[in-house]
Structures are given as structure tokens and as C-alpha cells.
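Read through the structure below, which is laid out as C-alpha cells, and then see the notes.
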Amino acid sequence: MDMAHTDIALKEAMTIEGALGVALVDIASGMALGMLGGGKELDLALAAAGNTDLVRAKLRAMEMLGLGGSIEDILVTLTGQYHLIRPLTSRTGAGLFLYLALDRNRANLAMARRRLQVVESELEL
-19 MDMAHTDIAL KEAMTIEGAL GVALVDIASG MALGMLGGGK ELDLALAAAG NTDLVRAKLR
41 AMEMLGLGGS IEDILVTLTG QYHLIRPLTS RTGAGLFLYL ALDRNRANLA MARRRLQVVE
101 SELEL
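Residue 9 in our numbering sits at position 29 of the sequence shown, and the numbers go up by one each step.
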């Protein structure tokens, strides 16, 4: 994995209006391969592990239901935050996802989804 590209992608994601933290996460291990932002209110390593369970559960549900296709993104709406999870679709990014936490009062959800899609498309691993 190219850490320089990862760092650039994480920095780009943090420029999204309202961004609180971002992580690139390995679905197999639940480990964050890169993180930026966060803090005492948002433990990104813990969030990476917890959101891995969410992604795995959704993938299992899709398999049980016989749904084709793939997850484009998962949105979790909290009272004060949006959490966006975007599995990587490139061959080299398979098995990874981007996790972005946003301040709900400052974020434009449609714009954030679009910008995270662009970050994902430019991420070379």
C-alpha cells in the first residue's frame, strides 16, 4: 500500500466541510491503516473496529438476501453527527473502506457523499 497516497486522500477527506475525523480501515482485521482527525470525543481506532462490524453485518445480510451489486456507502445518522462508510471499489482497494465522521450542524450531506466518492476514486493503493 502506498502510504503517501493514503495520507493525501485522508487530508483531502478532512477538507470536507464539517469533517471531524477520517480513517482507512481493513475489513478483515478492523484495523485502521491510516487516520486523521478525531480526538477525545472521537476515538478513530475504536470507530474503525466498530464500523467494521457494521460493514460485515451488511455484507452478510446482502449475501443471505441474494442481493447483487456492492455497497456504495452506508450512512449512520446520529443526533449530532453523520458517519459515512464507503467501501473501496478498486481492485487494489478491495477489503478496505473509508470512514468519515461529520459534524451534522456544519456538513452538507449530499456534498460530503460526493466529495468522499471523489476521494475514493483518486485513492491509489
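Think of the CB as a built atom: it goes at the ideal place given N, C-alpha and C, for glycine as much as any other residue.
For residue i, write down the residues that DSSP places opposite it in a beta bridge.
i, result
"residue -15", "Paired residue(s): none; residue -15 is not in a bridge."
"residue 57", "62"
"residue 2", "16 and 80"
Pick from the options: whose alpha carbon is nearest that of residue i?
i, options, result
"residue 22", "81, 91 and 41", "81"
"residue 96", "54, 74 and 9", "54"
"residue 16", "-5, 32, 35 and 66", "-5"
Let me know if residue i comes out buried or exposed under the rule of 16 or more other beta-carbons within 10 Å of its beta-carbon.
i, result
"residue 102", "exposed"
"residue 72", "exposed"
Would you kindly check if the distance between the Cβ of residue j and the Cβ of residue i is under 8 Å?
i, j, result
"residue 100", "residue -15", "no"
"residue 146", "residue 64", "As displayed, the chain neither begins before -19 nor continues past 105, which places residue 146 out of reach and without an answer."
"residue 29", "residue 3", "no"
"residue 76", "residue 5", "yes"
"residue 35", "residue 67", "yes"
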